[in-house]
DNA sequence: ATAAAGTCCTGAAAGC
DNA sequence: TGCTTTCAGGACTTTA
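Numbering (this note's numbering), first residue to last: 8 to 279.
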């Protein structure tokens with residue numbers, strides 16, 4: 008599930024449910040989601056600290072923590088603490104629940120807060136997870152990421168893709184080229200831009216590349232609003248699981264195949 | 001049993 | 001030739 012729009016939704020959850028709240032408890036129900044940090048260190052690092060303003064780059068979500076002391080007038084920010092970094096893999100999510108709500112089967116970590124609610128990191132398959140990091144660690148993560156898909160402008164987008172010889176879909180999916188796009192988004196964007204997914208990026212002229220950027224912006228705008236790539240009937244995503252899927256634009260039979268190991272759906276007529 | 005919205009690793013092929 | 005980029009496949013993990 009989690010591509011950029013989903014992660015953006017989790018950021019909103021954190022903003023409304025966690026920001027400014029003190030962490031009173033950390034229950035690790037399955038340590039399999041911890042990356043590079045143990046239960047003890049995670050708890051001692053977080054308990055008593057306040058959650059700061061969450062921010063996102065690609066599919067990563069970062070949550071700074073601040074000193075646990077209540078904010079004073081002179082020192083509103085508080086001392087800098089460690090930073091929580093979430094990556095949701097294919098099945099992860101962040102939920103806001105009532106403080107005493109019984110955990111769901113895949114709630115791997117429950118963060119109890121000083122208000123009436125708690126935050127849960129839920130993940131069926133534990134493909135990625137939660138880590139504890141700092142400014143240097145964030146830099147290391149971001150070194151491997153291209154510009155964020157939601158904020159990248161046309162020239163930077165063109166530059167990121169120009170000359171790449173891989174299939175345009177593979178390049179869009181490559182987080183070191185553009186950060187945040189996943190399998191569904193890429194298919195949706197290329198369908199909207201009328202570009203076949205296996206087209207080599209370097210064979211695309213500036214005009215086509217800019218068209219992909221425009222399509223990306225439109226698809227992201229709606230998807231971020233909906234907090235997921237919406238399975239609307241007017242979108243490719245709303246058709247890809249049909250028995251015999253047809254293009255919502257021209258009615259042709261959709262094709263399905265594999266591009267860099269991922270299931271790929273496209274319209275052979277609209278995307279020559 | 002096969003497949004799944006993510007990433008990482010390997011080995012091989014392609015390109016400069 | 002050698003370096004880099006890219007691809008395919010498998011691995012991780014759990015459930016429908």
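Heads up, the beta-carbon is just placed ideally off N, CA and C, and yes, glycines get one too.
Collapsed DSSP secondary structure at residue i in the structure displayed
{"i": "residue 148", "result": "helix"}
{"i": "residue 80", "result": "Any reading at residue 80 needs caution, since the residue's pLDDT is 47, under 50, leaving its predicted position unreliable; the model's value is listed next. Reduced to three states, the DSSP call for residue 80 is coil."}
{"i": "residue 73", "result": "strand"}
{"i": "residue 125", "result": "strand"}
{"i": "residue 48", "result": "helix"}
{"i": "residue 274", "result": "coil"}
Close Cβ partners of residue i (< 7 Å) along its chain, the five nearest in sequence each way excluded
{"i": "residue 110", "result": "36, 117 and 127"}
{"i": "residue 141", "result": "89 and 90"}
{"i": "residue 149", "result": "64"}
Where the beta strand (DSSP E) through residue i begins and ends
{"i": "residue 105", "result": "99–105"}
{"i": "residue 89", "result": "87–94"}
Test item: CB-CB of residue i and residue j under 8 Å
{"i": "residue 175", "j": "residue 221", "result": "no"}
{"i": "residue 69", "j": "residue 137", "result": "no"}
{"i": "residue 22", "j": "residue 61", "result": "yes"}
{"i": "residue 16", "j": "residue 234", "result": "yes"}
{"i": "residue 73", "j": "residue 59", "result": "yes"}
{"i": "residue 167", "j": "residue 185", "result": "yes"}
Own chain residues within Cβ distance below 8 Å of residue i, not counting five before or after
{"i": "residue 119", "result": "30, 31, 32, 33, 34, 106 and 125"}
{"i": "residue 177", "result": "266 and 267"}
{"i": "residue 163", "result": "154"}
{"i": "residue 1", "result": "Absent from the structure is residue 1, since the part of the chain shown begins at 8 and ends at 279."}
{"i": "residue 197", "result": "175, 176, 179, 203, 204, 219, 222, 273 and 278"}
{"i": "residue 97", "result": "8, 9, 132 and 134"}
Proximal residues to residue i (C-beta, below 6 Å), its chain only, five neighbours per side dropped
{"i": "residue 112", "result": "none"}
{"i": "residue 14", "result": "63, 66 and 68"}
Beta-carbon separation (whole angstroms), residue i vs residue j, contact threshold 8 Å
{"i": "residue 188", "j": "residue 11", "result": "7 Å"}
{"i": "residue 236", "j": "residue 257", "result": "About 21 Å separates the two Cβ atoms, so there is no contact after all."}
{"i": "residue 122", "j": "residue 28", "result": "6 Å"}
Start-to-end residues for the alpha helix (DSSP H) that takes in residue i
{"i": "residue 218", "result": "213–233"}
{"i": "residue 23", "result": "11–24"}
{"i": "residue 175", "result": "175–180"}
{"i": "residue 196", "result": "190–200"}
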